[in-house]
Amino acid sequence: MDPLLDPITGDYAGGSTDTLANAVYLRLMTPLGGWWADPTLGSRLHELSRSKDSSRIDLLACQYAEQALQPLLQDGRASRVQVSSQRQGPGRLLLNIEVAETGGHIRHFQHQVRIA
Numbered sequence: 337m338d339p340l341l342d343p344i345t346g347d348y349a350g351g352s353t354d355t356l357a358n359a360v361y362l363r364l365m366t367p368l369g370g371w372w373a374d375p376t377l378g379s380r381l382h383e384l385s386r387s388k389d390s391s392r393i394d395l396l397a398c399q400y401a402e403q404a405l406q407p408l409l410q411d412g413r414a415s416r417v418q419v420s421s422q423r424q425g426p427g428r429l430l431l432n433i434e435v436a437e438t439g440g441h442i443r444h445f446q447h448q449v450r451i452a
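Okay, structure coming up:
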């Protein structure tokens with residue numbers, strides 16, 4: 337069991353988790369190549385904060401999130417990952433992420449993405 341990270345603040349939430357919550361959070365929040373111990377950990381979502389707000393950004397954000405979560409499928413901790421996007425206003429995108437853990441549990445996560 338790992339200490340649970342709060343996805344809003346990034347701090348420890350005080351509890352513990354035995355789900356993929358921390359793994360999903362860290363892979364989405366860390367810039368790709370930004371962690372010294374594993375250059376493949378992270379996503380390219382941070383690049384969207386400098387992109388023009390257009391309709392293609394929704395698809396790009398989903399692709400970046402799926403790429404970041406691919407290692408969970410490769411190492412066998414998840415059997416399926418699905419990502420969809422939802423506009424929350426100008427410059428704001430909400431990613432809805434569904435991860436099917438190997439044990440059969442389906443977990444839902446949400447991740448905010450800022451767009452210029």
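Sequential numbering of the sequence shown, starting at 337, is according to our numbering. Even glycine gets a Cβ: it sits at the ideal position worked out from N, Cα and C.
Check the C-beta distance from residue i over to residue j and give it rounded, since I have them as a contact under 8 angstroms.
i	j	result
TRP371	LEU377	5 angstroms
ALA349	ASP342	4 angstroms
LEU430	SER421	7 angstroms
ASP389	ALA452	7 angstroms
GLU383	ARG413	At roughly 26 angstroms, the Cβ-Cβ gap does not stay under 8 angstroms, so GLU383 and ARG413 are not in contact.
Name the two residues that bound the continuous beta strand (DSSP E) containing residue i.
i	result
PRO339	338 to 341
ILE442	442 to 450
Check for me: the alpha helix (DSSP H) holding residue i runs from which residue to which?
i	result
ILE344	From DSSP, ILE344 is part of no alpha helix (DSSP H); its letter is neither H nor E.
ARG413	First-last for ARG413: undefined, no H or E at that position.
ALA373	Taken as a continuous stretch (DSSP letters only), ALA373 belongs to no alpha helix (DSSP H), as it is neither H nor E.
On the DSSP bridge list, what partners appear for residue i?
i	result
GLU437	ALA414
THR353	ASP338
What does a CB cutoff of less than 8 angstroms around residue i pick up in its chain, not counting 5 residues either side in sequence?
i	result
THR355	GLU437, HIS441 and ARG443
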